[in-house]
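Protein chains in written order, with the UniProt record's numbering: chain C, 1 to 203; chain R, 1 to 203. Data first, discussion second: the structure below is written as structure tokens.
2 protein chains.
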Amino acid sequence: MTELEKGPTGSRRGRGARERILGASRQLFREQGINRTGMDQLCAVAEVSKRTAYQHFTGKDELVAEYLRRFDPSVLSGVFDRTDLTPRERLLAVFDIPPTTPLCPYIAAAVELHDPQHPASQYARDYKKAVAARLADTAREAGAADPEQLGEQLALLIDGAAARTRVLDANAFPTAAAVATVLIDNAIPTAAGDDQRREEVAR
Amino acid sequence: MTELEKGPTGSRRGRGARERILGASRQLFREQGINRTGMDQLCAVAEVSKRTAYQHFTGKDELVAEYLRRFDPSVLSGVFDRTDLTPRERLLAVFDIPPTTPLCPYIAAAVELHDPQHPASQYARDYKKAVAARLADTAREAGAADPEQLGEQLALLIDGAAARTRVLDANAFPTAAAVATVLIDNAIPTAAGDDQRREEVAR
DNA sequence: CGTTAAGTACACCGTCTTGTGTGCTTAACG
DNA sequence: CGTTAAGCACACAAGACGGTGTACTTAACG
Numbered sequence: 001m002t003e004l005e006k007g008p009t010g011s012r013r014g015r016g017a018r019e020r021i022l023g024a025s026r027q028l029f030r031e032q033g034i035n036r037t038g039m040d041q042l043c044a045v046a047e048v049s050k051r052t053a054y055q056h057f058t059g060k061d062e063l064v065a066e067y068l069r070r071f072d073p074s075v076l077s078g079v080f081d082r083t084d085l086t087p088r089e090r091l092l093a094v095f096d097i098p099p100t101t102p103l104c105p106y107i108a109a110a111v112e113l114h115d116p117q118h119p120a121s122q123y124a125r126d127y128k129k130a131v132a133a134r135l136a137d138t139a140r141e142a143g144a145a146d147p148e149q150l151g152e153q154l155a156l157l158i159d160g161a162a163a164r165t166r167v168l169d170a171n172a173f174p175t176a177a178a179v180a181t182v183l184i185d186n187a188i189p190t191a192a193g194d195d196q197r198r199e200e201v202a203r
Numbered sequence: 001m002t003e004l005e006k007g008p009t010g011s012r013r014g015r016g017a018r019e020r021i022l023g024a025s026r027q028l029f030r031e032q033g034i035n036r037t038g039m040d041q042l043c044a045v046a047e048v049s050k051r052t053a054y055q056h057f058t059g060k061d062e063l064v065a066e067y068l069r070r071f072d073p074s075v076l077s078g079v080f081d082r083t084d085l086t087p088r089e090r091l092l093a094v095f096d097i098p099p100t101t102p103l104c105p106y107i108a109a110a111v112e113l114h115d116p117q118h119p120a121s122q123y124a125r126d127y128k129k130a131v132a133a134r135l136a137d138t139a140r141e142a143g144a145a146d147p148e149q150l151g152e153q154l155a156l157l158i159d160g161a162a163a164r165t166r167v168l169d170a171n172a173f174p175t176a177a178a179v180a181t182v183l184i185d186n187a188i189p190t191a192a193g194d195d196q197r198r199e200e201v202a203r
């Protein structure tokens, strides 16, 4: 509302309520899920009175949507802008996630909220499409025959790795990376011949 | 408890409570999710008194676990046993799901329950591993170079398609099938030469 | 200093949630 | 027919949930 939203001038414990609320959301929604996190607990962790929370957000739904909007998928957004990598390397770097990743809140939100009309669900959809588009752009840059298709395929691999990691409680991104290598090398005409490709497939 | 659990002799409307409860679970957990389905509503749909429900299941948790155990993923279990298909065709048929599929309750349960220790979460893990193993068996039968790896990769594609279909509200299985084709043809030494393979990739 | 906006404390509401306790009816089976 | 187990109706607990009302304090800024 005011232009003083970010960076509480003096964080005398009290002034930066909105940011503290969103910080607590990030922590609790990841640790416990959205539905299992009550507003009471959230406010307690954020060290914010409940009244204040409801002055910043009309309801929990709006808070959830904003939480997703604010979520910075540091891996992806960072990878796409790295100029030290070739486009092909960037496509593969997407699967090189640190093991401490909290795991795709967009999928979690869509499943937990269970309502495609929910603002957060809509945003999750938009975000997923945006990632696929970014991947397609990079694929095009890398000279892929059908960039849109490759982008969609790689996006599917990311989601598959995320979902499988969650269910199995074991990192599935290496498997996804292996598949990605095959797809990329098949889609991009490189100097590498069929022999090398076949070797990478077998690995 | 008794040996009369399945097949109510006379379904005079009243006797087969347990089956009706599980039937209602299948319907409601899919339509609304687990957390958004209360025991009151579930009992109403099942036409069962709440007291009866709690005599069959010690709590909702146990009901959820049993719901997952009973879930018949008709597509997968059917596909693996089809003798009219070659192993390779069976691996691809997995992605040929009817559009009316309710979409992987195992992933949904793992996300909704948000507790890896929950019986249902543990079963989901077991099930996913079993599917990967079945895929690996079929891959071995088809003569794949590294059946375990191919099985794990195909399993990841299935989960990716399921998750992505849920989030985007659009069928992602065709994309997964396209990737599967590439993987399978790369992993299985067939009479088909590299030229044909390259064509399939471009499609 | 005085105004104004931000935040606080805390009680409270209605609703929904899982789960029980009690006493009754009904169907199956020997 | 009489026993036994399955099921039923219904009220009720106890707590979590999202959300509000009210009156108060504090910090920033001109």
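Where a beta carbon is used, it is the ideal one built from N, C-alpha and C, also for glycine. Keep in mind that this is a model prediction, so the values were computed, not measured.
Item                                                                                                                       : Value
Under 8 Å by beta carbon: chain C residues contacting I107/R                                                               : V111, A163, R166 and V167
Pick from N186/C, R69/C, H56/C and F95/C that is closest to R125/C, judged by C-alpha positions                            : R69/C
Distance between G143/C and P189/C (C-alpha atoms, nearest Å)                                                              : 7 Å
N- and C-terminal bounds of the alpha helix (DSSP H) containing V94/R                                                      : Neither: V94/R is in no alpha helix (DSSP H) and is coded neither H nor E.
Check whether L63/C and F57/C have beta carbons under 8 Å apart                                                            : yes
Contact belief for A177/R with L92/R at Cβ below 8 Å, rounded distance in angstroms                                        : 7 Å
Buried or exposed by the 16-neighbour rule on C-beta atoms within 10 Å, applied to S121/C                                  : buried
Cβ-Cβ distance between T181/C and A172/C below 8 Å                                                                         : no
Span of the alpha helix (DSSP H), counted from its first residue to its last, around F29/R                                 : A17 to Q32
Check whether A53/C and G23/C have beta carbons under 8 Å apart                                                            : no
Runs of alpha helix (DSSP H) lying entirely within the stretch 93-148 of chain R, each at least 4 residues, in chain order : 105-113 and 119-141
N- and C-terminal bounds of the alpha helix (DSSP H) containing L63/C                                                      : K60 to R70
Coil, strand or helix - G38/R by DSSP                                                                                      : coil
Which of helix, strand or coil DSSP assigns to D159/C                                                                      : helix
N-terminal and C-terminal residue of the alpha helix (DSSP H) that A53/C is part of                                        : K50 to H56
Contact set between V64/C and chain R, taken where Cβ atoms lie within less than 9 Å                                       : The premise fails here: V64/C is roughly 14 Å from chain R at the closest Cβ pair, so nothing lies under 9 Å.
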